[in-house]
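The structure appears right after this line, and notes come after that.
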Amino acid sequence: MRLPPLALVALPLVLAYYPRPQRLRPTSVPTQNSPVKKADLPAEGLHQNVYLVSARDYLCLSPSNMTLDLSTVLSTSSTSSSVPMRARGNVPTSAVRASRDYPSGSKDEDGRSVREGSDRVLKRGIEERDSSVRGKEKRDGSIGLEMTNTSNMSYVPGTVVNKVNCTQAQTWDISFNQAGSITLSGTELVLEGEVGDFGRLFLNNVTNSTGQNWFWTRDDHIAIVDAGKCLDDGDGNVEVYTCYGNNVKQTWIVGDLDTANQAPIREGQGQNTICTDIPPGTPMNDTQGDFSRIHPCQRSDLCVSALDCQQVNGTLNCPSLGVTYCVNATDPSAMYQFFDLTTISNGSNPLTMSPSDSFTCWNAGPNPQTGDQVGIDSCQLKGSGMENWEYTDDLHLATTGDQCLAVIDGSTGKNTTPWNSLSDLQLTECDPIDQHQMFLTP
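Below, the structure written as C-alpha cells:
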C-alpha cells in the first residue's frame, strides 16, 4: 500500500502528537492468572555431560579432526591465579557485560548510556558483519573445517573445536552463572578461545588463561569473562567475537537432546514445553534492509508472523500474530515476517511491517492487558490507540503497561491464512527472565 503525499507529511505529525509511554523496561513478575508459565533457569553451578547447541542452526559444539600448532595461537593472557578455574567460584554477571569495560555513565558505540553493573552481556548492537570480510580476516586453519564424525576420536591440546551434527557431537561440563572452565566431558582438556574477533577455538590443558575463563549467562550467551567476547556461530565456523545481546548467532542451548524430534532440551526447562513439540524447520536469518525476522523460542527456523491479513477498504489489516515456520524471502507471504526493529531498539516507537507495506504497524489496542492479542493495521488510522513498542536489552518486545509479547505455553496455534500458526502469541506481564518473552533477530 502506498500513501498519498499528504499522508506522508501528516504521519510524522500524528506520531509526534501522542506522548511516549512509560519506560518499557520489563521489571514485574507474571501474576498467578498469567497464561505464560515463568521459565525455569538452570540450577546454578556445574552441569555435566551437556550438549552446547547453536540456536542458529542446531549444530553442536564439538572437537573436530583438525589440530592447531599452539605456537601460532594468539596470547590469551594468562591469569595470576594459581587456583583451578573450576574452583574460582562466583563472579557477578556484570563481568561479561560489554565488549569493553565502560566506566559508569559512559556511552557505548551507538551513543547509548551504559549502566554500571548491568547483567547484560552487552548493550544492544545491530551490526551485521560482512561474510567476505570475515573470510579474509580468518587465519589459516579456521576455514572449511570438516564435520567429520569425531565420536570415537581421542583428543590432544590444540584440537580445533567447531560445530558438527549433534548426533556426532561430544558433551561438555559447564557451570551456569559462575565463571570457570568448560571441560570436554570425561577428559582433563578445556575449551580455550583466542581473545579477539575471529578468535579460534581449541582444546588445551588447564593454564588458567583468560581464554579459558568462561561464563554461561542468563540470556544463553557463553562469554569470556572480562573480555566482552562470546562464542559466535559465524558464517561457517564457530569463533570468538564481540558480544551482541540480541544476536541468534551467539545464543546457545545448553542441555540434552530429544533424538525423536531432533531438538535440544534446555537445562532447567523442566516441564516447560515451549516450542519443543514443533519439529525443526529450515533456519532463516536473512534481512531486507532495516527489516528483519523475529525468532521466538530462540529458534531461527520459527518466525513471528502476521496472520489472516486482508485488505479492508484499501487498508491492510491483520488481526493477530502467531508463531509459524519461516519461509523463503522469495515467497510472497514472506512480507508478513519482516519487521523494522531498528526504530525500537533505542526507545519506544511504532513497530512497522515489511518494506512492501511499511505503513502498517503493530497494535495492541488503547489499553494493553495480559491476554490481549497483537494485530497489525494502518499506522495513520490508529488515532489515540496508537501503540509504541521497545525491543529491550532483555530481548523483550514490550509495550505500554509493562506488557510483553509472549509465546503461549502449550498452545497449538490455529488455522489461518496464508499459513497455519504453530503456537499462539499474546501479551503478558513482563518478566525479564521468562524465555517465552525473549525474541531474537539475525
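The sequence shown runs -16 to -1, 1 to 426 under mature numbering (1 follows the signal peptide of the UniProt record, and there is no 0). Using N, Cα and C, we set each Cβ at its ideal position, and we do this for glycine too. What you are looking at is a predicted structure, and each value in this text was computed from that prediction instead of being measured.
Supposed contact pair residue j and residue i - C-beta distance, whole angstroms, cut 8 Å
{"i": "residue 284", "j": "residue 27", "result": "With 8 Å as the limit, residue 284 and residue 27 do not qualify as a contact, their Cβ atoms being about 27 Å apart."}
{"i": "residue 277", "j": "residue 322", "result": "6 Å"}
{"i": "residue 387", "j": "residue 345", "result": "The Cβ separation is near 16 Å, so there is no contact."}
{"i": "residue 287", "j": "residue 310", "result": "4 Å"}
{"i": "residue 153", "j": "residue 35", "result": "6 Å"}
{"i": "residue 251", "j": "residue 31", "result": "6 Å"}
{"i": "residue 197", "j": "residue 209", "result": "5 Å"}
{"i": "residue 333", "j": "residue 371", "result": "10 Å between Cβ atoms; not a contact."}
Which of helix, strand or coil DSSP assigns to residue i
{"i": "residue 422", "result": "coil"}
{"i": "residue 248", "result": "strand"}
{"i": "residue 268", "result": "coil"}
{"i": "residue 336", "result": "strand"}
{"i": "residue 54", "result": "helix"}
{"i": "residue 238", "result": "strand"}
{"i": "residue 26", "result": "coil"}
{"i": "residue 147", "result": "strand"}
{"i": "residue 303", "result": "coil"}
{"i": "residue 309", "result": "strand"}
{"i": "residue 220", "result": "coil"}
{"i": "residue 233", "result": "helix"}
{"i": "residue 363", "result": "helix"}
{"i": "residue 328", "result": "helix"}
{"i": "residue 35", "result": "strand"}
{"i": "residue 276", "result": "strand"}
{"i": "residue 316", "result": "helix"}
{"i": "residue 76", "result": "Unreliable placement is indicated for residue 76, whose pLDDT of 32 sits below 50; the coordinate value is still reported in the next sentence. DSSP places residue 76 in coil when its eight states are reduced to three."}
{"i": "residue 407", "result": "strand"}
{"i": "residue 412", "result": "strand"}
{"i": "residue 196", "result": "helix"}
{"i": "residue 295", "result": "strand"}
{"i": "residue 154", "result": "coil"}
{"i": "residue 387", "result": "strand"}
Residue burial classification, residue i (beta-carbon count within 10 angstroms, cutoff 16)
{"i": "residue 407", "result": "buried"}
{"i": "residue 138", "result": "exposed"}
{"i": "residue 297", "result": "exposed"}
{"i": "residue 307", "result": "buried"}
{"i": "residue 316", "result": "exposed"}
{"i": "residue 53", "result": "exposed"}
{"i": "residue 169", "result": "exposed"}
{"i": "residue 248", "result": "buried"}
{"i": "residue 352", "result": "buried"}
{"i": "residue 416", "result": "buried"}
{"i": "residue 426", "result": "buried"}
{"i": "residue 29", "result": "exposed"}
{"i": "residue 140", "result": "exposed"}
{"i": "residue 55", "result": "exposed"}
{"i": "residue 294", "result": "exposed"}
{"i": "residue 194", "result": "buried"}
{"i": "residue 242", "result": "exposed"}
{"i": "residue 280", "result": "buried"}
{"i": "residue 167", "result": "buried"}
{"i": "residue 314", "result": "exposed"}
{"i": "residue 350", "result": "exposed"}
Residue i versus residue j - alpha carbon distance
{"i": "residue 362", "j": "residue 337", "result": "10 Å"}
{"i": "residue 44", "j": "residue 319", "result": "31 Å"}
{"i": "residue 211", "j": "residue 179", "result": "7 Å"}
{"i": "residue 37", "j": "residue 291", "result": "30 Å"}
{"i": "residue 411", "j": "residue 325", "result": "18 Å"}
{"i": "residue 218", "j": "residue 41", "result": "11 Å"}
{"i": "residue 145", "j": "residue 223", "result": "9 Å"}
{"i": "residue 164", "j": "residue 236", "result": "17 Å"}
{"i": "residue 359", "j": "residue 49", "result": "50 Å"}
{"i": "residue 299", "j": "residue 390", "result": "27 Å"}
{"i": "residue 274", "j": "residue 379", "result": "18 Å"}
{"i": "residue 231", "j": "residue 269", "result": "10 Å"}
{"i": "residue 234", "j": "residue 150", "result": "17 Å"}
{"i": "residue 82", "j": "residue 382", "result": "Reliability fails at residue 82, whose pLDDT of 32 lies under 50, so the model's placement of it is uncertain and the value that follows must be treated cautiously. Computed Cα separation, rounded: 23 Å."}
{"i": "residue 331", "j": "residue 142", "result": "45 Å"}
{"i": "residue 335", "j": "residue 384", "result": "13 Å"}
{"i": "residue 403", "j": "residue 409", "result": "15 Å"}
{"i": "residue 239", "j": "residue 289", "result": "28 Å"}
Within-8 Å CB hit, residue i to chain B
{"i": "residue 393", "result": "No chain B appears in this structure, which consists of one protein chain only."}
Assess, as a yes-or-no matter, whether the segment 180 to 187 is touched by the segment 380 to 399 under the definition of 3 or more beta carbon pairs within less than 8 Å.
no
Do the segment 261 to 270 and the segment 373 to 388 make contact, defined as three or more Cβ pairs closer than 8 Å?
These segments do not touch.
Below 8 Å, how does it come out for the segment 169 to 179 and the segment 189 to 197: are there three or more Cβ pairs, yes or no?
yes
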